[in-house]
Amino acid sequence: MAPFSENSQLCDKLTITADGHLSRRKSNPISSTQQLTEKDHLPGEPRIKLEDDHVVKTLQSEFMTRNLDKLSPFLWLVAKQDSTHISALTHQIVRGREVIITEDPGLHLVWIYDRVFIKPMPKYLLSHAFWQFYLADRNSKIPKYQQHKIAKAVLGFMRSYAYLIRHKSDFILATNDNHRLLPKKITYSSFVKFITAFEEICDDSVSPRYKFGELRLSRLNFWTKIFLGRLMYHKVHGQYGAYFARSYGTLLFIFAVFSVLLSAMQVALAVVPLEGGWSVFAYTSRGFAIFTIICVALIIISLLSVFIVLSSREILYAVNDLILKRRTKKVGNNFRTVRI
Numbered sequence: 001m002a003p004f005s006e007n008s009q010l011c012d013k014l015t016i017t018a019d020g021h022l023s024r025r026k027s028n029p030i031s032s033t034q035q036l037t038e039k040d041h042l043p044g045e046p047r048i049k050l051e052d053d054h055v056v057k058t059l060q061s062e063f064m065t066r067n068l069d070k071l072s073p074f075l076w077l078v079a080k081q082d083s084t085h086i087s088a089l090t091h092q093i094v095r096g097r098e099v100i101i102t103e104d105p106g107l108h109l110v111w112i113y114d115r116v117f118i119k120p121m122p123k124y125l126l127s128h129a130f131w132q133f134y135l136a137d138r139n140s141k142i143p144k145y146q147q148h149k150i151a152k153a154v155l156g157f158m159r160s161y162a163y164l165i166r167h168k169s170d171f172i173l174a175t176n177d178n179h180r181l182l183p184k185k186i187t188y189s190s191f192v193k194f195i196t197a198f199e200e201i202c203d204d205s206v207s208p209r210y211k212f213g214e215l216r217l218s219r220l221n222f223w224t225k226i227f228l229g230r231l232m233y234h235k236v237h238g239q240y241g242a243y244f245a246r247s248y249g250t251l252l253f254i255f256a257v258f259s260v261l262l263s264a265m266q267v268a269l270a271v272v273p274l275e276g277g278w279s280v281f282a283y284t285s286r287g288f289a290i291f292t293i294i295c296v297a298l299i300i301i302s303l304l305s306v307f308i309v310l311s312s313r314e315i316l317y318a319v320n321d322l323i324l325k326r327r328t329k330k331v332g333n334n335f336r337t338v339r340i
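Counted from 1, the sequence shown has number 249 at position 249 by full-length UniProt numbering; the numbering is strictly sequential.
As structure tokens, then:
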């Protein structure tokens, strides 16, 4: 059954008829001329008919995240193993991230640098009748095994909004014209009443991807090469110039390091013993050249050490968190077994 009651639905334009069909709710008697123009599609989606034979493919493309589900056993390397690890919309702004609208479910809650991708909530998911007809009814047109997978993906998607919108300021951001993450004509109080039902959904009821919160795209691109055999998860830059521009700083740093090292080595090798007052200058030049080489080596070692320490700390934290979650899950299963 639908996770929310019919009284708390935010879209009442759909109803299930007595003979088990999905139709538009008729608030007033319809004349013959009005009947010709009666809407026969899902609310907010003119491309999807009320009982579309291709609704399975449509819902799969709109909500299922196949690549992330395949990658889910390794997502602990990408993000914190916590489905609630989702920053509210206002906190996204505080962290300097711009909210980018996307219709790709695989990019929902994925962030990189100063951007975070968020998929808007379709209007038909606010309808109790839609949930009952397509995602909960045993007589649904969607085959049972596909219905179960789609429902878990949709539940995870809807639950994410319970964390994205925590305060009225988040709701205002979600409904303004710049973002429009939610359909129009929804009040904050009615939305809270509606979305509260999704807060109680556990991780076992959602797809593998939504057992995690926000995902870092740079890490996804890296681990996708290893575990999925693809060049990258999502192409960030449309032009190669922008891609290489982000590497200029690193390349210049490497070039500067090698230039300093080679110059210092040349000085150290070129200095020959001199007589008179120039001998002191020669020894000083050689000593300074060796000192420069040592300083550069220490800087490189320090940077590598910091990188190794930070990476090791994140990996150890992820491993410990993974072990703790498995122990907690095992204890919970044992507790349920004892009760039975």
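The beta-carbon is built from N, C-alpha and C at its ideal position, and this holds for glycine as well.
TODO: Apply the 10 Å Cβ neighbour rule to Tyr283 and answer buried if 16 or more other Cβ atoms are within range, or exposed otherwise.
DONE: Within the sequence shown, numbered from 1, the residue matching residue 283 stands at position 283. By the neighbour-count rule (16 or more Cβ atoms within 10 Å), Tyr283 is not buried but exposed.
- [ ] Report, in whole angstroms, the separation of the C-beta atoms of Ile86 and Leu164, which I expect to be a contact under 8 Å.
- [x] As a first step, residue 86 is located in the sequence shown; it is residue number 86 there, counting from the start. As a first step, residue 164 is located in the sequence shown; it is residue number 164 there, counting from the start. That belief holds up - the Cβ atoms of Ile86 and Leu164 are roughly 6 Å apart, short of 8 Å.
Task: In DSSP terms, what residue 341 is bridged to - done: A query on residue 341 cannot be resolved here, the shown segment of the chain reaching from 1 to 340 and no further.
Task: Any 3 or more C-beta pairs closer than 8 Å across the stretch 54-71 and the stretch 202-216 - done: Two segments are said to touch when three or more pairs of C-beta atoms, one from each, lie closer than 8 Å; by this definition the stretch 54-71 touches the stretch 202-216.
Task: Neighbourhood of Lys168 by C-beta, 6 Å cutoff - its chain only, sequence neighbours within 5 removed - done: Translated into positions along the sequence shown, residue 168 becomes position 168. Result list for Lys168: Tyr188, in chain order.
Task: Length at least 4, wholly inside the stretch 57-134: the alpha helix (DSSP H) runs in chain order - done: Qualifying alpha helix (DSSP H) stretches, in chain order: 66-71 and 89-94.
- [ ] Determine the direct distance from the alpha carbon of Glu51 to that of Ala174, and round the result to whole angstroms.
- [x] On the sequence shown, residue 174 is found 174 positions in, with the first residue counted as 1. On the sequence shown, residue 51 is found 51 positions in, with the first residue counted as 1. Near 30 Å, if we compare the C-alpha coordinates of Glu51 and Ala174.
TODO: Rounded to whole angstroms, what's the CA-CA distance from Leu59 to Asn320? Just pull it up for me.
DONE: Along the sequence shown, one-based indexing puts residue 59 at 59. Along the sequence shown, one-based indexing puts residue 320 at 320. When the Cα atoms are used, Leu59 and Asn320 turn out to be separated by approximately 36 Å.
Task: Ala289 vs Val309 beta-carbon contact at 8 Å - done: Walking along the sequence shown from the start, residue 289 turns up at place 289. Walking along the sequence shown from the start, residue 309 turns up at place 309. For the 8 Å CB-CB criterion, Ala289 and Val309 do not form a contact.
TODO: Return the first residue and the last residue of the beta strand (DSSP E) that Leu14 is part of.
DONE: Along the sequence shown, one-based indexing puts residue 14 at 14. Segment Leu14 to Ile16, the beta strand (DSSP E) holding Leu14.
- [ ] Would you list the one or two residues that DSSP bridges to Leu181?
- [x] Translated into positions along the sequence shown, residue 181 becomes position 181. According to DSSP, which records beta bridges pairwise, Leu181 is partnered with nothing at all.
Task: Paired residues, beta bridge with Thr23 - DSSP - done: Numbered from its first residue, the sequence shown carries residue 23 at position 23. For clarity, residue 23 is Ser in the given sequence; the question names Thr instead. The secondary-structure analysis by DSSP pairs Ser23 across a beta bridge with Thr15.
TODO: From the DSSP output, read off the bridge partner residues of Leu252.
DONE: For the purposes of this step, residue 252 is taken as the residue at position 252 of the sequence shown. The partner list for Leu252 (beta bridge, DSSP) is empty, contrary to what the question assumes.
Open item on the list: Mapping the DSSP letters down to three states, classify Arg216 as helix, strand or coil.
Closed with: Locating residue 216 in the sequence shown gives position 216, where the first residue counts as 1. Strand.
Open item on the list: Looking at Gly213: is its Cβ nearer than 8 Å to the Cβ of Ala79?
Closed with: The sequence position of residue 213 within the sequence shown is 213, counting from 1. The sequence position of residue 79 within the sequence shown is 79, counting from 1. Contact check for Gly213 against Ala79 passes: the beta carbons are separated by less than 8 Å.
Task: Assigned secondary structure, Thr187 (DSSP; H/G/I helix, E/B strand, else coil) - done: Position 187 of the sequence shown, counted from the first residue, corresponds to residue 187. DSSP places Thr187 outside both helix and strand once states are collapsed to three, so it counts as coil.
TODO: Could you check if Leu231 is buried or exposed, using at least 16 other CB atoms within 10 Å of its CB as the buried criterion?
DONE: One-based indexing of the sequence shown puts residue 231 at position 231. Counting the other Cβ atoms within 10 Å of the Cβ of Leu231 gives fewer than 16, which makes it exposed.
Task: Closest Cα partner of Thr292 within the set Phe227, Lys185, Phe258 and Leu304 - done: Locating residue 292 in the sequence shown gives position 292, counting from the first residue. In terms of Cα proximity to Thr292, the closest of Phe227, Lys185, Phe258 and Leu304 is Phe258.
Open item on the list: Rounding to the nearest angstrom, what Cα-Cα distance links Phe281 and Ile300 in this structure?
Closed with: For this step, residue 281 is matched to residue 281 along the sequence shown. For this step, residue 300 is matched to residue 300 along the sequence shown. Looking at the two C-alpha atoms, the distance is approximately 29 Å.
TODO: Could you spell out where the alpha helix (DSSP H) holding Ile150 opens and where it closes?
DONE: As a working note, residue 150 is residue 150 in the sequence shown. Run containing Ile150: Lys144 to Leu164, per the alpha helix (DSSP H) assignment.
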